[in-house]
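One structure is given here, and the rest of the page talks about it.
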Amino acid sequence: MPDLTTHGDDEAAVNALRSAVMRLSRRLKHQRVDESLSPTEMSVLGTLARCGTATPGELARKEHVQPPSMTRIVALLESKGLVKLEPHPEDRRQKVVTQTERAEAMLEESRRKRNAFLASLVEGLDEEEWAKLRAAAPVLEKLAHL
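One point on numbering: in the working numbering, the residue at position 34 of the sequence shown is 38, and numbering is uninterrupted.
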């Protein structure tokens, strides 16, 4: 593993990467289909889409929020018809959260919109830059899940 604290070039690269990822992330967050949902609510729906049904406690851990906050988020999403609460199959004291078909359709439309936005940005790259970006995508994905 590289020691990024002792090499000025590495520190500069890490700083540039952080800055670029944050700016691009903010721009992508503005490409929303439903403006009434907060970024946190969209993130919870995305987690349910990736991971499937989960308890509110599991969602809180995955989203790095406190359980009472997740309870409020789930209640808001349920009131908007985007998730449903059902009895836990093994522990009747708990509930599990499942996204609805409406949420699935909204997430798919959101992905389409964000992909189109990124595709429009990529059109401004030359072939060499696009090839580098394609090669970097798996590495960025790995970083996102470490």
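Think of the CB as a built atom: it goes at the ideal place given N, C-alpha and C, for glycine as much as any other residue.
Let me check understanding here. Comparing Cα to Cα, which of the options lies closest to residue i?
i: L28; options: V126, E62, K84 and H149; result: V126
i: N119; options: S23, G12, A24 and V37; result: V37
i: D95; options: M26, K66 and T59; result: T59
i: R97; options: G61, K117, F121 and A139; result: G61
i: S83; options: F121, R138 and L41; result: L41
i: E112; options: L49, A24 and A16; result: L49
i: S110; options: E39, L144, A139 and V69; result: The question names Ser, but residue 110 in the sequence shown is Met. It is E39.
i: Q70; options: T44, E132 and H92; result: T44
i: L144; options: W134, V25, A17 and D13; result: V25
Is it the case that the Cβ atoms of residue i and residue j are separated by a distance below 8 Å?
i: L57; j: T102; result: Residue identity check: residue 57 is Thr in the sequence provided, not Leu. Their beta carbons are under 8 Å apart, which means T57 touches T102 by this criterion.
i: K99; j: E108; result: no
i: G85; j: R54; result: no
i: K88; j: T75; result: no
i: Q35; j: K136; result: no
i: S47; j: E15; result: no
i: F121; j: L21; result: no
When DSSP labels each residue in this structure, what does residue i get in the three-state scheme?
i: K99; result: strand
i: L89; result: strand
Is residue i close to the ligand COA? I mean its beta-carbon at under 7 Å from any heavy atom of the ligand.
i: D38; result: As presented, the structure is devoid of all ligands, the ligand COA included, so that no description of it is given.
Taking contact to mean 3 or more Cβ pairs, one atom from each stretch, closer than 8 Å, check whether the stretch 69-81 and the stretch 123-139 are in contact.
Segments in contact, no.
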